[in-house]
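Quick note, in the UniProt record's numbering, the sequence shown goes up one by one and the last residue is 128.
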Amino acid sequence: MAMSIGGSRNRPPRILLVEDEVLISMMIEDAMVEHGFEVFTATNAGDALQVLEDGTQVDVLFTDINIEGDVDGSRLAHMARELRPDLAVLYASGTMKGIPNPVPGSTFVPKPYAPKDVCAMLATLAPS
Numbered sequence: 001m002a003m004s005i006g007g008s009r010n011r012p013p014r015i016l017l018v019e020d021e022v023l024i025s026m027m028i029e030d031a032m033v034e035h036g037f038e039v040f041t042a043t044n045a046g047d048a049l050q051v052l053e054d055g056t057q058v059d060v061l062f063t064d065i066n067i068e069g070d071v072d073g074s075r076l077a078h079m080a081r082e083l084r085p086d087l088a089v090l091y092a093s094g095t096m097k098g099i100p101n102p103v104p105g106s107t108f109v110p111k112p113y114a115p116k117d118v119c120a121m122l123a124t125l126a127p128s
């Protein structure tokens with residue numbers, strides 16, 4: 001049986017990437033795919049929540065804090081955890097040094113970040 005990031009499983013780890021800056025989204029999505037992740041993308045909280053509400057099995061929510069729309073990444077994480085209490089969360093921000101009121105067990109990475117470093121963090125967050 002093939003091994004994948006995060007241990008042995010029949011599918012690669014699935015990441016829900018929420019980023020409204022298109023170039024950043026494309027760059028990190030490409031890196032994630034190269035590192036063996038399956039990636040679902042959204043540019044706002046509504047689209048991200050729809051992915052979860054549709055029943056898509058996602059292992060990690062990776063969200064920017066400052067996303068377009070009325071719901072920021074911090075609130076999105078709380079809403080996502082209401083739907084999926086086991087969901088791992090990785091926040092990113094270029095304007096904050098931390099997250100006020102983060103969901104329990106979440107992690108933070110400041111922007112700018114190296115895609116390989118984010119992929120390493122995601123690999124540790126994805127369940128095995």
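Note that the Cβ used here is the ideal one computed from N, Cα and C, for glycine as well. Please read all numbers here as calculations on a predicted model, not as lab measurements.
CA-CA distance, residue 115 to residue 62, rounds to 12 Å. By alpha-carbon distance to residue 59, the top candidate from 101, 73, 112 and 81 is 81. A straight-line Cα-Cα distance of about 7 Å links residue 89 and residue 77. C-alpha of residue 22 to C-alpha of residue 10: approximately 31 Å in a straight line.
A residue is called buried when at least 16 other Cβ atoms come within 10 angstroms of its Cβ; residue 120 does not meet this threshold and is exposed.
DSSP, read as helix, strand or coil, puts residue 18 in strand. C-alpha of residue 98 to C-alpha of residue 109: approximately 8 Å in a straight line. Within the same chain, and ignoring the five residues on either side of residue 19 in sequence, the residues whose Cβ sits closer than 6 Å to its Cβ are 25 and 64. Relative to residue 16, the option among 30, 118 and 48 whose CA is nearest is 48. Contact annotation: residue 83 and residue 53 have beta-carbon atoms nearer than 8 Å.
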